[in-house]
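A short worksheet on the structure shown next.
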Amino acid sequence: DLAFQLGGEVDNLFLLLASRQGGKALLSCYIDKELAKAKDLNAGTIVRELGKFIQGGGGGQPFFATAGGKNPDGIAQALNEVKTYLG
1065 DLAFQLGGEV
1075 DNLFLLLASR
1085 QGGKALLSCY
1095 IDKELAKAKD
1105 LNAGTIVREL
1115 GKFIQGGGGG
1125 QPFFATAGGK
1135 NPDGIAQALN
1145 EVKTYLG
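This is the structure we're talking about:
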């Protein structure tokens, strides 16, 4: 997976990938394990919150999680909202 490949190459990586496919939206969130601990971030919690914008849901592990939804038009809102986790 692209997220894990980049995670192995980039220190302290916080990555949110988004795509539209077949009228649906997909989100993948990867957070470097050390960064997740240091900043008290949880990828599963983040994609659950961002999933609301794409009318879907998801979950996963503290360092990697995915979400799917039926509203690809909400991707822009999700990408904008993720900035609040980076402050």
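Sequential numbering of the sequence shown, starting at 1065, is according to the working numbering. In this text, a Cβ means the ideal position worked out from N, Cα and C, and glycines have one as well.
Checklist entry - Around the Cβ of residue 1071, are there at least 16 other Cβ atoms within 10 angstroms (buried) or fewer (exposed)? => result Taking the first residue of the sequence shown as 1, we reach residue 1071 at position 7. Buried, since its Cβ has 16 or more Cβ neighbours within 10 Å.
Item to check | Cβ neighbour criterion (16 or more within 10 Å) applied to residue 1130 | outcome: Along the sequence shown, one-based indexing puts residue 1130 at 66. Classification for residue 1130: buried.
Item to check | residue 1150, DSSP secondary structure in three states | outcome: Here residue 1150 refers to the residue found at position 86 of the sequence shown. It is coil, neither helix nor strand.
Next on the checklist: With three or more C-beta pairs closer than 8 Å as the rule, is the region 1097 to 1106 touching the region 1132 to 1139?
Outcome noted: no
Next on the checklist: Per DSSP, what are the beta-bridge partners of residue 1095 in this structure?
Outcome noted: For this step, residue 1095 is matched to residue 31 along the sequence shown. Its beta-bridge partners are 1078.
Item to check | Cβ-Cβ distance between residue 1122 and residue 1091 below 8 Å | outcome: One-based indexing of the sequence shown puts residue 1122 at position 58. One-based indexing of the sequence shown puts residue 1091 at position 27. Going by C-beta atoms, residue 1122 is nearer than 8 Å to residue 1091.
Checklist entry - Taking the C-alpha atoms as reference points, what is the distance between residue 1085 and residue 1127? => result As a working mapping, residue 1085 is identified with position 21 in the sequence shown. As a working mapping, residue 1127 is identified with position 63 in the sequence shown. Each residue's Cα considered, the two are about 24 Å apart.
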